[in-house]
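Chains as they are written, first to last, in the numbering used here: chain A, 1015 to 1135; chain B, 1015 to 1135.
Just below is one structure, and these are the notes that go with it.
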DNA sequence: ACAAATATACGAAACCTTTCGTAATTAAAT
DNA sequence: ATTTAATTACGAAAGGTTTCGTATATTTGT
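In structure tokens:
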């Protein structure tokens, strides 16, 4: 499966967050951050539909779009890609880079440690 | 700074690994994995030079290219991007996803734990 | 019933990335 | 010197993404 484009990712992100949404719903979120026009959002969603990234319900006049590919699988896909290309295939290198840079609070660190301990067993 | 394209990333990866290299050097590595033609690699390097991603030494007939942007900063850039778009801004979510999926061996896990412990202090 | 507002469909332009063929240049070999 | 080989320069095509204007259809309000 090919990696979604940046534009598609932005829309998927909104759909994962808000669940099934109309074009207008998606657009209003997108407008704030990007200032793009309504028909641009519409077109993007239509193309994503053609590609099988989203499904849509056309029963009513206002079509409702919903993500088909999951957030989880997309996360994995993107992570694997960058691990392969810029982290020499090493997940731990990526982990350390992520923790070193992004400020991670104590609570989050604890969660990660707990997670690591459970992985051992 | 705009994110390097996939093709550019492949080349940067080679340059980071091998250091300053001729077009032929880069191409021979690329050829194995992609089967692309020599002039394609050349053109890509020329474009990357225009963009300021690499510098080149044209003193000799054979030009030598070298990465300008660092592996570290590129790693950070890519990680931040996907943390923002598909991990709700949470680095720890990314970490867990990375560890859960990619098979990480015991040695790597130990390294991560040690790293985490040092972060605390 | 009509006008206004809202929605989708669609085509095309603008832009970017990638690919590669051809020409021009330079170096090496004979 | 001349030919052969290797290199760079360059243009253009192919393919993909993103943008948006216009046309068409549908709904809502009066």
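Where a beta carbon is used, it is the ideal one built from N, C-alpha and C, also for glycine.
Runs of the beta strand (DSSP E) spanning 3 or more residues and lying entirely within the segment 1071 to 1121 of chain B occur at 1078 to 1081, in chain order. Contact between the segment 1072 to 1081 of chain A and the segment 1027 to 1038 of chain A is present: three or more C-beta pairs spanning the two stretches fall below 8 angstroms. Sequence-distant partners of residue 1109 of chain A (beyond 5 residues in either direction) whose C-beta falls short of 6 angstroms from its own C-beta are missing from its chain. Residue 1064 of chain A has its alpha-carbon roughly 32 angstroms from the corresponding atom of residue 1015 of chain B.
Residues of chain B with a Cβ closer than 9 angstroms to the Cβ of residue 1062 of chain A do not exist, since the nearest Cβ in that chain sits about 15 angstroms away. In this structure, residue 1129 of chain A lies near residue 1113 of chain B, with their beta-carbon atoms less than 8 angstroms apart. Separation of residue 1049 of chain A and residue 1095 of chain B (C-alpha to C-alpha, rounded to the nearest whole angstrom) is 19 angstroms. Distance from the CA of residue 1124 of chain A to the CA of residue 1089 of chain B, rounded to the nearest whole angstrom, comes to 24 angstroms.
In the DSSP assignment, residue 1068 of chain B forms a beta bridge with B:1081. DSSP, read as helix, strand or coil, puts residue 1027 of chain B in helix. With a threshold of 8 angstroms between beta carbons, residue 1068 of chain A makes no contact with chain B. Note on geometry: alpha-carbon atoms of residue 1103 of chain A and residue 1103 of chain B lie some 23 angstroms from one another.
Using beta-carbon distances, residue 1100 of chain B counts as an interface residue toward chain A, with a partner under 8 angstroms. Within the DSSP bridge table, the entry for residue 1035 of chain B names B:1079 as partners. Chain-ordered listing is empty here: chain B has no CB closer than 8 angstroms to the CB of residue 1079 of chain A, the nearest sitting near 18 angstroms. When CB distances to chain B are screened at a threshold of 9 angstroms, the residues of the segment 1103 to 1115 of chain A falling below it are 1103, 1104, 1105, 1106, 1107, 1108, 1109, 1110, 1111, 1112, 1113, 1114 and 1115, in chain order.
Within 8 angstroms of the CB of residue 1023 of chain A, the CB atoms of chain B belong to 1099 and 1100, in sequence order along the chain. Within chain A, the residues 1113 and 1123 have their CB atoms less than 7 angstroms from the CB of residue 1133 of chain B, given in chain order. In this structure, residue 1075 of chain A lies away from residue 1030 of chain A, with their beta-carbon atoms at least 8 angstroms apart.
As the crow flies, the alpha-carbon of residue 1040 of chain B is around 7 angstroms from that of residue 1055 of chain B. In this structure, A:1059 is the residue among A:1038, A:1121 and A:1059 with its C-alpha nearest to the C-alpha of residue 1019 of chain A. Of all residues in the segment 1038 to 1057 of chain B, none places a beta-carbon less than 9 angstroms from a beta-carbon of chain A. Residue 1047 of chain A and residue 1027 of chain B have their C-alpha atoms roughly 32 angstroms apart. With fewer than 16 other Cβ atoms from the protein chains shown falling within 10 Å of its own Cβ, residue 1072 of chain B counts as exposed.
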